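A short write-up of the structure that comes next.
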Amino acid sequence: MPNAEKVKILAQVTKDLADADAVWVMDYRGMTVKQEEQLRKLVRTNNASFKVYKNSFTERALRDLDMPSMNAILSGPSGFVFVFGDPVASAKAIKGFIKEQKKFEIKGGLLNGTVVTADQVKAVADLPSREELLARLLGTMANPMSSLVRVLNGPAEKFVRTLQAIIDDKAA
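Next comes the structure, spelled out in structure tokens:
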């Protein structure tokens with residue numbers, strides 16, 4: 328019979344999985360307390376949280392939520408980054424942290440109810456951020472309007488240049 332502490336932990340894991348838009352799993356073997364604090368701060372600024380749970384609790388919570396199993400990913404020590412919002416920003420943050428520390432690795436994750444591999448998480452990290460995509464879209468939408476304004480401004484600009492040339496010619 329499970330004790331009260333295990334039931335409480337399982338409930339927390341289930342809540343985290345249910346609330347998260349994405350979950351990145353990383354091998355945190357050899358991580359110092361200072362590095363863990365640094366990682367927690369880094370992901371917190373990207374609307375995510377880093378937690379360490381036993382793999383068995385995570386698998387049980389996934390089964391309870393009817394989510395796909397991550398057995399292939401959940402071997403050895405696993406740290407979980409629960410993403411609440413834009414998954415690209417948190418994936419970029421983790422990728423940068425791992426590149427800086429040079430000893431941890433991404434094992435995979437869960438995105439939109441689908442298990443993803445480490446390479447797919449890295450591909451998500453290489454995507455442009457939401458803000459950058461919106462800026463590109465806005466630029467693309469504004470470009471035809473800018474061109475139209477330049478075309479409409481052409482005759483008036485030509486008229487002003489002609490007048491200026493006449494004034495310069497008369498002054499000389």
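Residue numbers for the sequence shown follow this note's numbering, beginning at 328 and rising by one.
A virtual CB, placed ideally from N, CA and C, is assigned to each residue, including glycine.
Please read these numbers as outputs of a predicted model, since none were measured by experiment.
Quiz prompt | Whole-angstrom C-beta distance between leucine 337 and methionine 394, which should lie under 8 Å | solution = For the purposes of this step, residue 394 is identified with residue 67 of the sequence shown, where counting begins at 1. For the purposes of this step, residue 337 is identified with residue 10 of the sequence shown, where counting begins at 1. Their Cβ separation, rounded to whole angstroms, is 14 Å, which puts methionine 394 and leucine 337 out of contact at 8 Å.
Self-check item: Collapsed DSSP secondary structure at methionine 358 in the structure displayed
Solution: Mapped onto the sequence shown, residue 358 falls at position 31. For methionine 358, the secondary structure class from DSSP, reduced to helix, strand or coil, is coil.
Exercise. Grab the span of the alpha helix (DSSP H) containing isoleucine 425 for me, first residue to last.
Key: Counting from one through the sequence shown, the residue named residue 425 turns up at place 98. Isoleucine 425 -> alpha helix (DSSP H) spans 414 to 428.
Practice problem: Measure the C-alpha to C-alpha separation of alanine 492 and proline 471 and round it to an integer number of angstroms. | Solution: The count along the sequence shown starts at 1 and reaches residue 492 at position 165. The count along the sequence shown starts at 1 and reaches residue 471 at position 144. Alanine 492 and proline 471: Cα-Cα distance of roughly 31 Å.
Exercise. Please classify threonine 441: does DSSP put it in a helix, a strand, or coil?
Key: Against the sequence shown, residue 441 aligns to sequence position 114. Threonine 441: strand per DSSP, three-state reduction.
Practice problem: Let me know the secondary structure DSSP gives serine 473 once reduced to three states. | Solution: By 1-based counting over the sequence shown, the position of residue 473 is 146. In the structure shown, serine 473 sits in a helix (DSSP, three-state: H, G or I).
Quiz item: For glycine 435, does the count of other Cβ atoms within 10 angstroms reach 16, so buried, or fall short, so exposed?
Solution: Residue 435 sits at position 108 when you count from the first residue of the sequence shown. Buried.
Practice problem: Using 10 angstroms around the beta-carbon of proline 482, count the other beta-carbons present and answer buried if the total reaches 16, otherwise exposed. | Solution: For the purposes of this step, residue 482 is taken as the residue at position 155 of the sequence shown. The Cβ neighbour count for proline 482, taken over all protein chains shown within 10 Å, is under 16; the residue is labelled exposed.
Quiz item: Taking all protein chains shown into account, do 16 or more other C-beta atoms lie within 10 angstroms of the C-beta of aspartate 453, making it buried, or fewer, making it exposed?
Solution: Position 126 of the sequence shown, counted from the start, is the residue given in the question as residue 453. Answer is exposed; the Cβ neighbour count stays below 16.
Exercise. Output the distance between the C-alpha atoms of valine 370 and phenylalanine 486, rounded to the nearest integer angstrom.
Key: Within the sequence shown, numbered from 1, the residue matching residue 370 stands at position 43. Within the sequence shown, numbered from 1, the residue matching residue 486 stands at position 159. Taking the straight line joining both Cα atoms gives about 58 Å.
Quiz item: Buried or exposed: which applies to alanine 399, given that a residue is buried once 16 or more other Cβ atoms fall within 10 Å of its Cβ?
Solution: Position 72 of the sequence shown, counted from the start, is the residue given in the question as residue 399. It is exposed - the Cβ of alanine 399 has fewer than 16 other Cβ atoms within 10 Å.
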